[in-house]
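Each residue of the sequence shown is one higher than the last, beginning at 1 in full-length UniProt numbering.
Positions of the beta carbon are idealized from the N, C-alpha and C atoms, including for glycine.
These figures come from a predicted structure and were not determined experimentally.
To start, the structure itself, in structure tokens.
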Amino acid sequence: MDRITLEPGKRGGRPCIRGLRITVYDVLSMLASGMTHQEILEDFPELTVEDIMAVLAYAADREHQVYSLRVN
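Here is the structure:
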């Protein structure tokens, strides 16, 4: 999870990848639209497969946290 960074002045404080201006939401949106990992990496060569996997792990963790709050 150290690949996901939060900086108040960058992209409105949204979670970004390694301090880049690419947000978790950006990558999730690309994946949801059907882009493959390879297509994302071709469009954003500064990203790595590990970055994409970190985005998915971050999203899964956030979903788990939200569910846990609702149950408790």
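Query, Result
"In chain order, what residues of the same chain have a beta carbon less than 6 Å from the beta carbon of Arg-18, not counting five sequence neighbours either side?", "Arg-3"
"With a threshold of 16 other CB atoms inside 10 Å of the CB of Ala-60, please say whether the residue is buried or exposed.", "exposed"
"Just reading off the alpha helix (DSSP H) that Ile-40 is part of, what are its end residues?", "37-43"
"Would you check if the distance between the CB atom of Leu-47 and the CB atom of Leu-56 is smaller than 9 Å?", "no"
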